[in-house]
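In case it helps, this note's numbering puts the sequence shown at residues 253 to 342. Glycine residues also receive a C-beta, built at the ideal position from the N, C-alpha and C atoms.
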Amino acid sequence: MTLVFIALLALSWTGLSLAVLAMLLKRLGPPRQAAWRAFGLSLGINTVSAAYATPGEPLSAVLLILLCHALLLPPLLLAARREERREERR
């Protein structure tokens, strides 16, 4: 049961960090490019920190981070596409 809570916490933290990063990076470029940059930054930083935070089992922590990012990439790109369409209408 604890593993389920850890996975849900990782998924929610990843979603929050991706959304905030994409929002901040949207100032530097188009929304889709900001989403990909946020994904890359978050994936890199979280993977390295997860590997160092779990000296006993770094592979399982890294796999959890990769899974969370893979689950959240499609909704992030859909939101970026909607944002681009909204900007085109203006």
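With 16 as the cutoff for other CB atoms within 10 Å, does residue i come out buried or exposed?
{"i": "Ser-312", "result": "exposed"}
{"i": "Phe-257", "result": "exposed"}
{"i": "Ile-297", "result": "exposed"}
{"i": "Thr-254", "result": "exposed"}
{"i": "Leu-315", "result": "exposed"}
{"i": "Ala-290", "result": "buried"}
{"i": "Leu-270", "result": "buried"}
{"i": "Leu-276", "result": "exposed"}
{"i": "Ala-322", "result": "exposed"}
{"i": "Ala-332", "result": "buried"}
Assuming residue i and residue j form a contact by the criterion Cβ under 8 Å, report the distance between their Cβ atoms to the nearest whole angstrom.
{"i": "Leu-273", "j": "Leu-293", "result": "6 Å"}
{"i": "Leu-330", "j": "Gly-267", "result": "Actually they do not touch by this definition, with Cβ atoms about 13 Å apart."}
{"i": "Ala-262", "j": "Ile-317", "result": "7 Å"}
{"i": "Leu-328", "j": "Ala-287", "result": "5 Å"}
Open item on the list: Under 8 Å: do the region 275-285 and the region 297-314 share three or more Cβ pairs, one atom per stretch?
Closed with: With the rule of 3 Cβ pairs closer than 8 Å, the region 275-285 does not count as touching the region 297-314.
Open item on the list: Quick check for students: name the residue ranges of the beta strand (DSSP E) that lie wholly in the region 287-341, counting only runs of 3 or more.
Closed with: none
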